[in-house]
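Participant: One structure follows; several queries about it will come next.
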Amino acid sequence: EKITIVSSKPQTTRNRITGILSRGEDQFVFLDTPGMHAPRTKLGKYMVGAVEHTIGQTDGAIVVVEPEPRVGDIERDILRRLSASGTPIILVINKTDRSNAVRIAETIAAYSEEFELDAVVPTSAVRGKGVDEVLGEAEKFLSEGPWFFPGDISTDQTERRLVSETIREKMLRLLSDEVPHGTAVEITKFSERDDGIIDIDATIYCEKQSHKGIIIGKHGEML
């Protein structure tokens, strides 16, 4: 089930998103935070604040990096924060389908030399490779107790939020780099008819007047 938007552009996730996986007697609650970065705007500061607020509040952290044989400044910062809080760390090296064994091994060595990691899992999320291994490692962080959520839900996000984020996803895919990051979407109407059709009205806010015409497009084609 789709619970979060996907984009090739950085800083796509703006709020902390909860994903819930219930299987057998186990329930995993994943908190997907915005990516850590050097903020240049109030929105950026808000997003980084969401990351900082989450650190230290979880039973474990899954840090996703790409196969680069060095530790980046941002990755080093967040790993230091996690280590200082005593949070167990699973390092996930994603996009292995675009790399090779030597580069992946060098990436593992670079991170392992600097940080104490509880597990390192190479993955290719787009191909589903290594995902079960990540869950297997995360399972070690589970503890006895009641479930936090009903077993039949996969996120705590409302349908309104999912719709507004889906609209924003299309803007991220279709518009030039700078435009989508200065937009927000508000759902002003969300009602279901007897035949199951849902009527939705959405307002798109943009940062600059010049962006308005780009979002609408010639004769409304982009909308």
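Counting from 348, one number per residue, gives the positions in the sequence shown under our numbering. Heads up, the beta-carbon is just placed ideally off N, CA and C, and yes, glycines get one too.
Following the continuous beta strand (DSSP E) through residue 482, name the residue where it begins and the one where it ends.
Facilitator: From DSSP, residue 482 is part of no beta strand (DSSP E) but of the alpha helix (DSSP H) over 478-485.
Participant: Let me check understanding here. Comparing Cα to Cα, which of 534, 352, 450, 514 lies closest to residue 416?
Facilitator: Among 534, 352, 450, 514, the Cα nearest to that of residue 416 belongs to 450.
Participant: Does the distance from the C-beta atom of residue 352 to that of residue 519 stay below 9 Å?
Facilitator: Cβ distance < 9 Å, so residue 352 and residue 519 count as in contact.
Participant: Which class does residue 529 belong to by DSSP, given the choice of helix, strand or coil?
Facilitator: Reduced to three states, the DSSP call for residue 529 is helix.
Participant: Select from 491, 461, 537 the residue whose C-alpha is nearest the C-alpha of residue 406.
Facilitator: The shortest Cα separation from residue 406 among 491, 461, 537 belongs to 491.
Participant: Are the stretch 460-474 and the stretch 426-446 touching by the rule of at least three beta carbon pairs closer than 8 Å?
Facilitator: In short, these stretches touch, since the Cβ pair count reaches three.
Participant: Could you tell me the alpha carbon to alpha carbon distance between residue 551 and residue 558, rounded to whole angstroms?
Facilitator: Approximately 11 Å, taken between the alpha carbons.
Participant: Based on Cα-Cα distance, which residue from 528, 570, 537, 539 lies nearest to residue 555?
Facilitator: Nearest option by C-alpha distance: 528.
Participant: Under a three-way DSSP split, which group does residue 353 fall into?
Facilitator: Reduced to three states, the DSSP call for residue 353 is coil.
Participant: Classify residue 429 as helix, strand or coil using the three-state DSSP reduction.
Facilitator: Residue 429 falls in the helix class under three-state DSSP.
Participant: Compute the beta-carbon to beta-carbon distance between residue 444 and residue 410, rounded to the nearest angstrom, for a pair I have assumed lies under 8 Å.
Facilitator: So it is not a contact: roughly 19 Å between Cβ atoms.
Participant: By the 10 Å Cβ neighbour count, where 16 or more other Cβ atoms means buried, how is residue 511 classified, buried or exposed?
Facilitator: Per the 10 Å Cβ criterion, buried.
Participant: From residue 493 to residue 548, what does the alpha carbon distance come to, in whole angstroms?
Facilitator: The alpha-carbon atoms of residue 493 and residue 548 are separated by roughly 39 Å.
Participant: At 3 residues or longer, what runs of the beta strand (DSSP E) sit wholly inside the stretch 496-540?
Facilitator: As far as the stretch 496-540 is concerned, its whole beta strand (DSSP E) runs of at least 3 residues are 530-539.
Participant: Indicate the three-state DSSP secondary structure (helix, strand or coil) for residue 459 in the structure shown.
Facilitator: Three-state DSSP puts residue 459 in a helix.
Participant: Need the endpoints of the beta strand (DSSP E) that residue 436 sits in, please.
Facilitator: From DSSP, the beta strand (DSSP E) with residue 436 extends over 436-440.
Participant: What is the rounded straight-line gap between the Cα of residue 546 and the Cα of residue 539?
Facilitator: Distance between the alpha carbons of residue 546 and residue 539 is about 6 Å.
Participant: How is residue 473 classed by DSSP in three states: helix, strand or coil?
Facilitator: In this structure, residue 473 counts as helix in the three-state DSSP scheme.
Participant: Take residue 341 and list the residues in its own chain whose beta-carbon comes closer than 6 Å to its own, dropping the five residues that flank it on each side.
Facilitator: The shown model of the chain, from 348 to 570, leaves out residue 341, and the question about it has no answer.
Participant: Just to confirm, is the Cβ distance from residue 369 to residue 499 under 9 Å?
Facilitator: A contact, by the Cβ cut-off of 9 Å.
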